[in-house]
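Quick mapping for you: the protein sequence lines, in order, are chains A and B.
Sequential numbering from 360 applies to the first sequence in the numbering used here.
Sequential numbering from 360 applies to the second sequence in the numbering used here.
From the three backbone atoms N, C-alpha and C, an ideal C-beta is built for every residue, glycine too.
Some notes on the structure that comes next.
Protein chains: 2
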Amino acid sequence: MKVKFELQNLDSTTKARAGILHTPHGDVPTPIFMAVGTAGSVKGIELRLLEETGVRIILGNTYHLALRPGEGLIKQLGGLHKFTGWRGPMLTDSGGFQVFSLAQRTKITEEGARFQSHIDGRRMMFSPERSIEIQEALGSDIAMCMDHVLGLPNTDKKIYDAMSRTVRWAQRCKEFASREDQSLFGIVQGGLNRDFRLECVERLTAMDFEGYAVGGLSVGEPPEMMYATMDYTVEALPQDKPRYLMGVGTPADLLEGIERGIDMFDCVMPTRNGRNAMAFTAHGRMRLRNFKYFDDERPLEEDCPCPACKRSRAYLRHLFIAREILGPILLSIHNITYYERLIAQARAAILANRFEAFKRECYEGWAEENE
Amino acid sequence: MKVKFELQNLDSTTKARAGILHTPHGDVPTPIFMAVGTAGSVKGIELRLLEETGVRIILGNTYHLALRPGEGLIKQLGGLHKFTGWRGPMLTDSGGFQVFSLAQRTKITEEGARFQSHIDGRRMMFSPERSIEIQEALGSDIAMCMDHVLGLPNTDKKIYDAMSRTVRWAQRCKEFASREDQSLFGIVQGGLNRDFRLECVERLTAMDFEGYAVGGLSVGEPPEMMYATMDYTVEALPQDKPRYLMGVGTPADLLEGIERGIDMFDCVMPTRNGRNAMAFTAHGRMRLRNFKYFDDERPLEEDCPCPACKRSRAYLRHLFIAREILGPILLSIHNITYYERLIAQARAAILANRFEAFKRECYEGWAEENE
C-alpha cells in the first residue's frame, strides 16, 4: 500500500492541520516529529525506551546506511525494520542533503552526485536511480526523491538550476521507483525565491507524489526568512497530501511550521543537544552542566513522564560532570519526549481550534528561564 | 535492620550454598552477582533496562562518589538510593581498593591512606572512620570495612603487616559505625599465605561482622592460586554469614567461587567488556567486531531474553563498527543478563544438589566457541 493522508481538522484561525498518516507499518497522528535514526539507531536509545518517548515514526539516513553497513546487507537481512528491530513506520531521506553537507569533494552533474565518503574517502556516486535503489533495499515506508541542495545565500542562477535539476531528478526517481509498499515524496527547492518555489511546487505536483517536502531551509538563512518562505510554499501545496519540513528544527520552528500547515518534521537537535547536556523544557532550555543545578532537587519538568524526570537536576548534572554515558542517554530521551509531547499538545490544540493560543502559551513558557 | 543470611541448601557434593540475604531494601537470592554502579549509574544502562537484566543488588564506589559529586550532596539529596533512583539493595565498598589501584601518590599509615585524586590531583585522606562516614552518608544497605590492599607477589612481611592493619582498621570501622539500617562486612586479607588468611579470619570473626569478604585476590596472581586461597579461607568462615568475593571475575571464576562456598560477587567485567564489543555467552566469548559476524542473522544466544538478543549479531557488529553508542549499551545489558542468568542457574543447580554437573556443563559450553 501507499501512504494515505487523512485530514481531521483545519484549525479555525491558522493554517495548522491535524490528520492521520496511514502507512504500511501503522498509523501516525499528524503533526508529527520523527526521531532521527541515522545509522540504524536513535543514538543511545534502546527501542523499549524509545517507544516510551511517544515516537511514532523514525527517519533513517540513506547516505549513512549505504556507506555502512551497506544496503545490500540490510536487504539480505530482511530490510531496515528487521535489521534495527523498529516495527513502526520509517522514512528514509535520499542522501541529497548529506552529499551536500557531509561528503567530501562532491561534484553535482545532471547524472547525479559524485563524492568521497566522509568515513574512508571511498569514491561514490549517488544518482536519483541509485538513491531509490538504496531506499528500496532498506524498505522504508516513505522514500524521498533525491534533491540538489544548496547553501544560502547563493545566486539566483544557481538556485534556479538546482531547483530545476531537483524537479528533473524527481521525475527520474518516480519513473525508477517500483516498490508497491513504499511511497515517494517530492522535495520542493528554490531557496528564498517565491517564483522558484512556486514553479517547483507546480512542476512537482503535476507528477502527483504521495507527499511533498519543503527542503533547502535551515541552511544558513535567518528564521524569519525561513518562515516567510514556508508561508507561500506550503500554501501552494495540495491539501490532501502530507507536507514535510526537512531537518527542522527548534521547538519554536515546529510551531511556526505547524501554523503554516506542515505535518511532519525531523531534526537531530533533541538527541544531539541532549548528548551535549542541553535539555528542552516547557520553561526554556537548560544547560545541565551549569553549577546552578548542583543541588537542585527538582526534575527537569514536573509533569514529564520520561525516566530523566524521575531524577533530580543535581543527579543529571552529576552524570555529565562525571562523564557517565547515562547523562547523554537520559537527556536524549527527555528531549525526544519533550518534542513528542509538544507536538501531541499542538495536535490537540488544532483539534480544539485553539492553536494560536497554544503557540502563545508555549512562547510564554520558553521565556521563563533564559540561559 | 541489619542484613540477615538465611541458608536454604548446601549442595550435596560441593561447598556451594543457596540462600537468601534479607536487607532493608529487599531480599536477595544467593549466590548473587552485583552489577557495578561506580559513580551513581551502571554505565550506559537506564534503570528500567537494568531491572530487566535480573540484577538484584548494585555496588556503589565510595572513592568515586566521595570525589564526585561528594557524599555531602548525596546525603543532602536523600542518600544514594534516592539520588540514583535504584530502589533495591545496595552495597558500597570502602575505597580501600581504589586508593591502591586508582589514586595517585597513595601513602598508607596506621591512621589511613593519604592520596591525590586521580581526577584533579586534590590531596585527600581516607581513614577507616572517614570511609564509614562516607558510606553512612551514602546510606547503602551494606558497608565494607576499609582494608589495606597490596599487589601480588609481595613479601611476607608486607602481606602480614597489611593483613594485620586491615584487622585493626576493621575494629575502628566497627567502633565508628552507627547506622542501624546499615550492616558492616569485614574483609579478609593475607595474600596467598594460608596462615595469614586463617589468622585474619579468626581475628575478624571474633569481632562478629554481619558478613565477610575475601579481598586482595585477582590482583595479579594465577587463577589456580586464587582458587587455592579460597579453598581454605572460605572454609574457615562462619556458615551463618554471607561471604563475598570482591571484584571477581570471569564466569568461570564465579562458578569456582560458588563451588567453594562464596555467596556474593561483583565485577566490572560484564559492562567494561561489553563496552569493548565482547559478549559473554553460554558457548563462549564473542568479539562482535569480528568480520565473521558481518551477515550473521543469529542472536548472540538463542534463549536469552535481553534486548541485544532481539537483534542479529550482524546488527550488533554494525553498531560497533559505526560507533553507535547503542552497541556498548546493548552488549553491557546482554553481559549483565548473562551473568545474572548464569548465577540464577547455579542457584537452581545447588537447590537440586547438582552443582557439580552444572559447572561441568558450563565449561563444556564455553569450550564450543573459542576466540
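Cβ neighbours of residue i in the same chain (closer than 7 angstroms, five flanking residues each side left out)
i                    : result
phenylalanine 442(A) : Gly399, Ile433 and Leu436
aspartate 303(B)     : Lying outside 360 to 730, the shown extent of chain B, residue 303(B) is not represented and no answer is given.
arginine 657(B)      : Ser671 and Arg672
glutamate 660(A)     : Thr640, Ala641 and Cys668
arginine 562(B)      : Val526
glycine 606(B)       : Phe456, Ser577, Asp625 and Cys626
glutamate 730(B)     : Since pLDDT at glutamate 730(B) reaches only 46, below the 50 mark, its modelled position is unreliable, and no value is offered.
glutamate 580(B)     : Leu511 and Leu551
proline 687(A)       : Gly403, Gly633 and Arg634
Inter-residue spacing [alpha-carbon to alpha-carbon] between residue i and residue j
i                    : j                    : result
glutamate 683(A)     : leucine 675(B)       : 22 angstroms
arginine 700(B)      : isoleucine 702(A)    : 41 angstroms
leucine 406(A)       : glycine 396(A)       : 11 angstroms
threonine 373(A)     : asparagine 420(B)    : 56 angstroms
glycine 549(B)       : threonine 592(B)     : 10 angstroms
tyrosine 722(B)      : arginine 619(B)      : 17 angstroms
cysteine 626(A)      : proline 666(A)       : 22 angstroms
arginine 634(B)      : phenylalanine 679(B) : 9 angstroms
alanine 636(A)       : arginine 648(A)      : 6 angstroms
glycine 471(A)       : proline 448(A)       : 28 angstroms
asparagine 712(A)    : leucine 614(A)       : 15 angstroms
glutamine 601(B)     : leucine 426(B)       : The question names glutamine, but residue 601(B) is proline in the sequence shown. Each residue's Cα considered, the two are about 29 angstroms apart.
cysteine 532(A)      : leucine 511(A)       : 25 angstroms
alanine 375(A)       : leucine 369(A)       : 6 angstroms
arginine 646(B)      : methionine 585(A)    : 48 angstroms
serine 453(A)        : threonine 525(A)     : 12 angstroms
valine 547(A)        : glycine 724(B)       : 58 angstroms
phenylalanine 714(A) : alanine 708(A)       : 5 angstroms
glutamate 469(A)     : alanine 641(B)       : 55 angstroms
aspartate 554(B)     : alanine 587(B)       : 13 angstroms
alanine 462(A)       : methionine 483(A)    : 10 angstroms
aspartate 540(A)     : glutamate 534(A)     : 16 angstroms
isoleucine 617(B)    : leucine 689(B)       : 27 angstroms
threonine 382(B)     : methionine 360(B)    : 8 angstroms
Proximal residues to residue i (C-beta, below 6 angstroms), its chain only, five neighbours per side dropped
i                    : result
phenylalanine 568(B) : Leu543, Phe544 and Gly545
arginine 538(A)      : Glu495
glutamine 367(A)     : Ala377 and Gly378
tyrosine 422(A)      : Gly454 and Gln457
leucine 576(B)       : Met585
histidine 384(A)     : Gly447, Pro448 and Asp500
isoleucine 493(A)    : Thr421, Ala425 and Glu430
glutamate 558(B)     : none
glutamine 475(A)     : Gln463, Arg464 and Arg482
Own chain partners of residue i with C-beta closer than 8 angstroms, once the 5 adjacent residues on each side are dropped
i                : result
threonine 412(A) : Ala394, Ile404, Cys665, Ile692, Ile695, Thr696 and Glu699
aspartate 599(B) : Phe364 and Leu366
aspartate 655(A) : Ser671, Arg672, Ala673 and Arg676
Near the ligand GDP: residue i beta-carbon under 6 angstroms from a heavy atom
i             : result
lysine 363(B) : Of the ligands one can find in the structure shown there are none, so the ligand GDP has no counterpart to examine.
C-beta contact flag for residue i and residue j at 7 angstroms
i                    : j                    : result
leucine 439(A)       : leucine 497(A)       : yes
threonine 417(B)     : valine 387(B)        : Sequence inspection shows isoleucine at residue 417(B); the threonine mentioned does not correspond to that position. For isoleucine 417(B) and valine 387(B), no; Cβs fall outside 7 angstroms.
cysteine 504(A)      : alanine 529(A)       : yes
proline 390(B)       : aspartate 622(B)     : yes
aspartate 506(B)     : glycine 574(B)       : yes
glutamate 402(B)     : threonine 609(B)     : The residue asked about is misnamed: residue 402(B) is lysine in this sequence, not glutamate. No, Cβ-Cβ distance for lysine 402(B) and threonine 609(B) is not below 7 angstroms.
phenylalanine 392(B) : phenylalanine 624(B) : yes
alanine 536(A)       : isoleucine 478(A)    : no
alanine 595(B)       : valine 560(B)        : yes
threonine 564(B)     : alanine 502(B)       : no
valine 414(A)        : phenylalanine 459(A) : no
Contacts of residue i in chain E (Cβ-Cβ under 9 angstroms)
i               : result
arginine 427(B) : Structure shown: chain E not included; protein chains present are A and B.
Taking beta-carbon pairs under 8 angstroms, can you tell me which members of the region 683-714 of chain A lie near chain B? Glu683, Ile684, Leu685, Pro687, Ile688, Leu689 and Ile692
For the region 398-409 of chain B, which residues have a CB atom closer than 9 angstroms to at least one CB atom of chain A, in sequence order? Ala398, Gly399, Ser400, Val401, Lys402, Gly403, Ile404, Glu405, Leu406, Arg407 and Leu408
Write down every uninterrupted run of the alpha helix (DSSP H) in the region 500-548 of chain B whose length is 4 residues or greater and which is fully enclosed by it, in chain order. 515-535
What residue ranges within the region 398-431 of chain B form continuous beta strand (DSSP E) runs of no fewer than 3 residues, ordered along the chain? 417-419
Using a Cβ-Cβ cut-off of less than 8 angstroms, list which residues of the region 653-673 of chain A approach chain B; keep chain order. Phe653, Asp654, Glu656, Pro666, Lys669, Arg670, Ser671 and Ala673
Any C-beta of chain B within less than 9 angstroms: which residues of the region 382-393 of chain A qualify? none
Residues of the region 472-492 of chain A with a CB closer than 7 angstroms to any CB of chain B: list them in chain order, please. none
Please name the residues in the region 540-570 of chain B whose beta-carbon is closer than 8 angstroms to at least one beta-carbon of chain A, in chain order. none
Under 9 angstroms, CB to CB, which of the residues in the region 434-460 of chain B have a partner in chain A? Gln435, Leu436, Gly437, Lys441, Phe442, Thr443 and Gly444
Entirely enclosed beta strand (DSSP E) segments - the region 618-642 of chain A, minimum 3 residues: 623-625 and 637-640
Please give the ranges of any alpha helix (DSSP H) in the region 452-479 of chain A, keeping only runs that are unbroken, at least 4 residues long and fully inside the region. 455-460
Between the region 620-651 of chain B and chain A, which residues of the former have CB atoms less than 7 angstroms from a CB of the latter, in chain order? none
By the 9 angstroms beta-carbon criterion, what residues does the region 496-519 of chain A contribute toward chain B? none
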